[in-house]
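In the working numbering, the protein residues as written are 47 to 165.
We put the beta carbon where it would ideally sit given N, CA and C, even for glycine.
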């Protein structure tokens with residue numbers, strides 16, 4: 047009877063060990079995939095920054111940096127759009143700050159004007 051229990055215990059231990067090994071292997075795969083995604087995103091961001099260094103003046107790049115402090119998603123979208131425009135030859139290079147400001151105004155979505163009524 048004791049040998050039967052020992053065999054059962056050994057089987058349970060082996061099963062648990064296999065589960066832990068499978069779990070560790072799965073975690074390692076997920077981490078490796080996350081690292082690959084992060085590397086690809088970093089490489090893409092570096093490419094966009096290199097393009098923008100050519101396409102924008104230092105003042106215009108500073109404006110984009112200030113926008114990214116306030117609205118990171120919007121700044122990223124602007125960077126991607128400007129880089130694409132530069133690659134397609136639609137951008138006069140180097141774009142100065144005044145031209146960037148004008149372009150940003152033309153690209154900004156119409157915002158609803160809030161009106162305050164006094165009662």
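Check whether residue 146 and residue 106 have beta carbons under 8 Å apart: As a first step, residue 146 must be located in the chain shown, where it is residue number 100. As a first step, residue 106 must be located in the chain shown, where it is residue number 60. In this structure, residue 106 lies closer than 8 Å to residue 146 by Cβ.
Just checking my contact of residue 100 with residue 139 at CB under 8 Å: how many whole Å lie between their CB atoms? To locate residue 100, count along the chain shown from 1; it is residue 54. To locate residue 139, count along the chain shown from 1; it is residue 93. Rounded, the Cβ-Cβ distance is 6 Å, consistent with contact.
In whole angstroms, what separates the C-alpha of residue 37 from that of residue 72? Because residue 37 is not part of the residues shown, which for the chain are 47 to 165, the question remains open.
Around the Cβ of residue 141, are there at least 16 other Cβ atoms within 10 angstroms (buried) or fewer (exposed)? By 1-based counting over the chain shown, the position of residue 141 is 95. Buried, because 16 or more other Cβ atoms sit within 10 Å of the Cβ of residue 141.
Using 7 Å as the cut-off, classify the Cβ of residue 123 as near or not near the heavy atoms of the ligand ADP, replying yes or no. Within the structure as shown, the ligand ADP is missing, as the structure has no ligands at all.
Kindly indicate which residue of 133, 150, 85 and 78 has the alpha-carbon position closest to the one of residue 109. Position 63 of the chain shown, counting from 1, holds the residue named residue 109. Out of 133, 150, 85 and 78, 150 has the C-alpha closest to the C-alpha of residue 109.
Per the DSSP calculation, residue 102 is bridged to which residue(s)? As a first step, residue 102 is located in the chain shown; it is residue number 56 there, counting from the start. Answer is 141, bridged to residue 102.
Tell me which residue opens and which closes the alpha helix (DSSP H) that residue 120 is part of. Taking the chain shown and counting its residues from 1, the one referred to as residue 120 is at position 74. Taken as a continuous stretch (DSSP letters only), the alpha helix (DSSP H) holding residue 120 covers 118-133.
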